[in-house]
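Colleague: Got a structure for you, written out below as structure tokens; questions coming shortly.
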């Protein structure tokens, strides 16, 4: 109610005793009065004749004022502070999902999302909607999903900050932000992508990595967490073995006199090693180097995999069952072999060797008390953006110095598409590995038929007020790398050289996406009953 409205007349209210007294003194006055409202705790409200219409009109005016004020505030809030959007397509999957289905693999039980429709944005502004690339395929065991598909879920609903970008400076756009902006080909449509380069920078995409001004642009820790994609997870083992298929992509290296070595349990969730032999016995990950295990496969897209990926991570929960021996975890990349050595006495090392060399040299060493006396520790060895790091129980323990693994643009261009190899070796010990898992980093692709900018050897320079954006679902993202159409809202500026294709101009940015407030709603079941909202996916956007 408005603060300017007059307060009710004091003479118009009385307690129940006063009402009774007034009736005794003047019956005529009581007869001419009218009782309005309800009695609560002995209170009665009297309204003198002729006052009711005026008060009703005043209440109506105040109600209209309140509603109009709320609407004005809502419009101001939406225009300058926060606006809600819904994600229609999968160009940012798996970070943000468009219209999709959630499946559970019939063979191993792994749950994954598949885009219900895939945008063919190359066909025009906004793009027509076409069928997915191929049949749904499990991201862990890579078997094709068979059976009826569940109902489609709508895309994630997100909130977008507007005001920080208006302030600029510290609050302005930063690398790896997820931003919403107007489609350069159609101002009526908004796009959402990840920002990778700022005004005044030269951007080049080489072998899936982003280089800016000749230096690699590493992701922020928050962004990196959502840009790891599953390759294989030993927790999801197919229940049935199919003829002609291996039990696991991890295969023992066979020796002439000792086929298989001391490794066992590859068709279970817990992998074991037991041997008193001092000779190292190896497990190779998909040693053929073919198929989706070594490529930028997206379960969300279905269909075949694409480019070979070199940024990989292998992790597991390790427990030694012997006081002797060692476990060696290896990543081979760019003709170099990086080896993490873990021992039951807590000793930890990182070694570096040429790919064809027998023994490497130690470049970093430490100790881990969690491995001692039969304890368990979760290790993770990763090759990521020209950096090799070993973490134990979530804490960075060892890292290959940059002086031993210098970043080279020429080497990056030469090694593009070669991928990486993973191997586990053990000797003279007994141990178990639980939750053995392989992941890959996002791999920004270049396609000769579609890519027009930031290709290897052809850095793209950004001018003042220009930004460069890409989608997390790189093969299915129509973004700065390949835009070729200009909408009416930018056509004049394009001809006047005030706008360039492939860039997002500063005045076209809506804001930073920061929160998924309502993920894909779980549809009704077969009985027509609504299920509980999928609130487990409510999250901050990184």
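In the numbering used here, the protein residues as written are 24 to 565. We treat Cβ as the ideally placed atom computed from N, Cα and C, and that holds for glycine.
For the beta strand (DSSP E) holding residue 249, just list the boundary residues, first then last.
Modeller: Here residue 249 belongs to no beta strand (DSSP E); instead the alpha helix (DSSP H) covers 244-249.
Colleague: If you draw a straight line from the alpha carbon of residue 323 to that of residue 414, how long is it in whole angstroms?
Modeller: If you take the alpha carbons of residue 323 and residue 414, they lie about 29 Å apart.
Colleague: Does the count of Cβ pairs from the segment 223-232 and the segment 474-490 closer than 8 Å reach three?
Modeller: Contact between the segment 223-232 and the segment 474-490 is present, because at least three Cβ pairs lie under 8 Å.
Colleague: For the alpha helix (DSSP H) containing residue 189, name the first residue and the last one.
Modeller: 186-190 is the span of the alpha helix (DSSP H), which, as asked, contains residue 189.
Colleague: Could you check how far apart the C-beta atoms of residue 218 and residue 337 are, in whole angstroms? I think they sit under 8 Å.
Modeller: Going by Cβ atoms, the distance from residue 218 to residue 337 rounds to 30 Å, so no, they are not a contact pair.
Colleague: Name the residue from 490, 84, 364 and 160 whose alpha carbon lies nearest to the alpha carbon of residue 384.
Modeller: When only C-alpha atoms are compared, the closest one is 364.
Colleague: Name the residue from 298, 425 and 392 whose alpha carbon lies nearest to the alpha carbon of residue 416.
Modeller: Per the Cα distances, 392.
Colleague: Can you name, in chain order, every residue of its own chain whose Cβ lies under 6 Å from the Cβ of residue 478, other than the five neighbours on each side?
Modeller: Same-chain partners within the cutoff: 469.
Colleague: Quick one: complete alpha helix (DSSP H) runs, 4+ long, within the segment 412-473?
Modeller: With a minimum length of 4 residues, the continuous alpha helix (DSSP H) runs that stay inside the segment 412-473 are 432-437.
Colleague: Out of 187, 167 and 230, point me to the one whose CA is closest to residue 200's CA.
Modeller: It is 187 whose Cα lies nearest to the Cα of residue 200.
Colleague: Kindly list the residues whose CB is nearer than 6 Å to the CB of residue 524, restricted to its own chain and excluding five residues on each side of it in sequence; keep chain order.
Modeller: So the list reads 506, once near-sequence residues are dropped.
Colleague: Can you tell me the Cα-Cα spacing of residue 424 and residue 386, whole angstroms?
Modeller: Their backbone Cα atoms lie some 7 Å apart in a straight line.
Colleague: Label residue 109 either buried or exposed according to how many other C-beta atoms from any shown protein chain fall within 10 Å of its C-beta, with 16 as the threshold for buried.
Modeller: So residue 109 ends up on the exposed side.
Colleague: Roughly how many angstroms separate the alpha carbons of residue 215 and residue 318, rounded to a whole number?
Modeller: Roughly 25 Å separates the two Cα atoms.
Colleague: Taking residue 435 and residue 229 to be in contact with their CB atoms under 8 Å, please state how far apart those CB atoms are, rounded to whole angstroms.
Modeller: Rounded, the Cβ-Cβ distance is 4 Å, consistent with contact.
Colleague: Compute the distance between the beta-carbons of residue 464 and residue 251, then report whether it is under 8 Å.
Modeller: In this structure, residue 251 lies closer than 8 Å to residue 464 by Cβ.
Colleague: May I ask you to report which of helix, strand or coil DSSP gives residue 558?
Modeller: Three-state DSSP puts residue 558 in a helix.
Colleague: Whole angstroms is fine: what's the gap from residue 240's alpha carbon to residue 345's?
Modeller: So the alpha carbons of these two residues sit roughly 42 Å apart.
Colleague: Check for me: the beta strand (DSSP E) holding residue 406 runs from which residue to which?
Modeller: Unbroken beta strand (DSSP E) run through residue 406: 399-406.
Colleague: Starting from residue 16, trace the beta strand (DSSP E) in both directions and tell me its first and last residue.
Modeller: A question about residue 16 goes unanswered here, because the residues of the chain that appear run from 24 up to 565.
Colleague: How far does the beta strand (DSSP E) with residue 476 in it reach, from first residue to last?
Modeller: Neither: residue 476 is in no beta strand (DSSP E) and is coded neither H nor E.
Colleague: For residue 183 and residue 248, what's the separation of their Cα atoms in angstroms?
Modeller: The alpha-carbon atoms of residue 183 and residue 248 are separated by roughly 21 Å.
Colleague: Do residue 19 and residue 178 have their C-beta atoms closer together than 8 Å?
Modeller: The question about residue 19 has no answer here: the residues shown for the chain are numbered 24 through 565.
Colleague: Would you mind working out which of 491, 302, 209 and 291 sits nearest residue 607, comparing C-alpha positions?
Modeller: The chain is shown from 24 up to 565; residue 607 falls before or after that span and cannot be answered.
Colleague: Look at the alpha carbon of residue 541 and the alpha carbon of residue 117, and state the distance between them as a whole number of angstroms.
Modeller: One C-alpha to the other measures close to 16 Å.
Colleague: Count the other CB atoms within 10 Å of the CB of residue 231; is the residue buried (16 or more) or exposed (fewer)?
Modeller: The residue is buried, with at least 16 neighbouring Cβ atoms inside 10 Å.
Colleague: CA-CA distance, residue 166 and residue 257?
Modeller: About 14 Å.
Colleague: Put residue 175 into one of helix, strand or coil per three-state DSSP.
Modeller: In the structure shown, residue 175 sits in coil (DSSP, three-state: anything other than H, G, I, E or B).
Colleague: Helix, strand or coil for residue 80, going by three-state DSSP, please let me know.
Modeller: DSSP places residue 80 in helix when its eight states are reduced to three.
Colleague: Distance check for residue 175 and residue 562, CA to CA, integer angstroms please.
Modeller: Rounded to the nearest angstrom, the two C-alpha atoms are 21 Å apart.
Colleague: Check whether the Cβ of residue 118 lies closer than 7 Å to any heavy atom of the ligand GDP, and answer yes or no.
Modeller: This structure does not include the ligand GDP; it has no bound ligands of any sort.
Colleague: Can you name, in chain order, every residue of its own chain whose Cβ lies under 6 Å from the Cβ of residue 181, other than the five neighbours on each side?
Modeller: Cβ within range, chain order: 108, 536 and 539.
Colleague: Using the C-alpha atoms, what's the distance from residue 83 back to residue 244?
Modeller: Those two C-alpha atoms are separated by around 55 Å.
Colleague: Within 10 Å of its beta-carbon, does residue 374 have 16 or more other beta-carbons around it, so buried, or fewer, so exposed?
Modeller: Buried, since its Cβ has 16 or more Cβ neighbours within 10 Å.
Colleague: Quick one: residues in its chain with C-beta nearer than 6 Å to the C-beta of residue 111, no 5 flanking neighbours on either side, listed in chain order?
Modeller: Result list for residue 111: 121 and 178, in chain order.
Colleague: I need the straight-line Cα distance from residue 106 to residue 352, nearest angstrom please.
Modeller: Rounded to whole angstroms, residue 106 to residue 352 spans 47 Å at the Cα level.
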